[in-house]
Amino acid sequence: MDLTVAADRAALDKARDELGPGRIALVPTMGALHEGHRSLMRLAREHADHVVVSVFVNPLQFGPDEDFSRYPRTFDADLRVCEEEGVRVVFTPSADDMYLPDRQVEVSAGGMGGVVEGAFRPGHFDGVLTVVLKLFNLVRPDVAVFGQKDAQQLALIRRMVADLDVPVSIVGAPTVREPDGLALSSRNRYLSEADRRTALALSRALRAGAARGQTAGPAGILDAARAVLEEAARFDPPLLLDYLILADPATFAPAGDDHRGEAILAVAAKVGTTRLIDNVVLTL
Ligand code: AMP
């Protein structure tokens, strides 16, 4: 079946009506689509009759010193990806179409939006939740799929849906990686060859922590991961660590020594001009 491109909300309404009966799954993205996004679209198809993908680089979730203006935009290639994955509608609104000039109201991510990743990106999760809620209201999906790669984002979207009674089921999707371990990201295309070698330390650190998780407690897991990151701080270019944390996957509060059950080992670092995040889920 054909792919419809809807560039504004009126076109989206029309395209949505034309889908006919059946469950709708939404996959929100910022474009520059890669295998990770494809895996979300495939999972979405397992949960619904029709898949809608949004491609919107959301200005609200970028800080003033972040990469909004140079974020990769590869629209034609993105459409081909959606077509290949059997997506029915691609919603590609402009910022002017999404945000009224006199807008006032935003979603607040609360305390959980200000810790870990949120401590380094003030306002980021408010911007994410605001656009996600708007996309839910515009597309009115039954289900929406988000990557575990952005673990705190996924946890906050689950929180928003629970706290605000949003009638959308949230599905989390596993992180897709390169064969050498690097988590796929639209920002990987910023990496030079040397940057990329340094960037591999993120996933290597997570694997080192996970390997210790069989026997060691939280302190041992963090020590093993930190040792890899400290070594990479001496590479050229160096890895500049923002944070390494073992956290409760639902709240992102630090997992204490008595923590049992699932925990998330999460890392963020800059390599050259690129900021990268990654995580793994462990069972303690
Ligand atoms: P983005 O376009 O970066 O905003 O990402 C759109 C969605 O794709 C989010 O739910 C991300 O968590 C997810 N995603 C990004 N990278 C990956 C990956 N390597 N594996 C799985 N999902 C991913």
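Residue numbers (full-length UniProt numbering): 1 to 284. Note that beta-carbon positions come from the ideal geometry of N, C-alpha and C, so glycine has one too.
According to the Cβ coordinates, are residue i and residue j closer than 7 Å?
i: D242; j: A269; result: yes
i: G36; j: L265; result: no
i: L239; j: T283; result: no
i: residue 291; j: D2; result: A question about residue 291 goes unanswered here, because the residues of the chain that appear run from 1 up to 284.
i: L229; j: A205; result: yes
i: L164; j: F125; result: no
i: A15; j: T29; result: no
i: D278; j: V271; result: no
i: G31; j: R121; result: no
i: A208; j: A219; result: no
i: A151; j: L40; result: no
i: G217; j: D257; result: yes
i: A232; j: A201; result: yes
i: A227; j: V280; result: no
i: R177; j: P72; result: no
i: L133; j: F146; result: no
i: H259; j: V171; result: no
i: L182; j: S203; result: yes
Assuming residue i contacts residue j under a Cβ cut-off of 8 Å, what Cβ separation, rounded to an integer in Å, is found between them?
i: A255; j: L246; result: 5 Å
i: R187; j: T274; result: 6 Å
i: D78; j: L33; result: 5 Å
i: A144; j: L12; result: About 15 Å separates the two Cβ atoms, so there is no contact after all.
i: R9; j: D76; result: Actually they are not in contact, since the Cβ atoms of R9 and D76 sit about 23 Å apart, beyond 8 Å.
i: Q61; j: V107; result: Going by Cβ atoms, the distance from Q61 to V107 rounds to 11 Å, so no, they are not a contact pair.
i: T175; j: Q148; result: 5 Å
i: M160; j: L129; result: 5 Å
i: residue 293; j: V51; result: This structure cannot settle anything about residue 293, because the visible part of the chain is limited to 1 through 284.
i: D195; j: P167; result: Not really, about 43 Å apart at Cβ, beyond 8 Å.
Quick check: is any heavy atom of ligand 3 less than 6 Å from the C-beta of residue i?
i: G217; result: Within the structure as shown, ligand 3 is missing, the only ligands being ligand 1.
Any heavy atom of ligand 1 within less than 6 Å of residue CB: hits in chain order: T29, M30, G36, H37, S39, L40, F146, G147, K149, D150, A173, T175, V176, A183, L184, S185, S186
Would you list, in sequence order, the uninterrupted beta strand (DSSP E) runs of no fewer than 3 residues that lie entirely inside the segment 97-166? 143-147
Could I get the ranges of all uninterrupted alpha helix (DSSP H) runs contained in the segment 29-77, with 4 residues as the minimum, in chain order? 35-47
Would you check if there are 3 or more beta carbon pairs closer than 8 Å linking the segment 80-99 to the segment 45-59? yes
Pairs of beta-carbons, one from the segment 104-119 and one from the segment 136-148, closer than 8 Å: are there three or more? no
Which ranges would you report for the alpha helix (DSSP H) in the segment 213-249 if only whole runs of at least 4 residues count? 218-232
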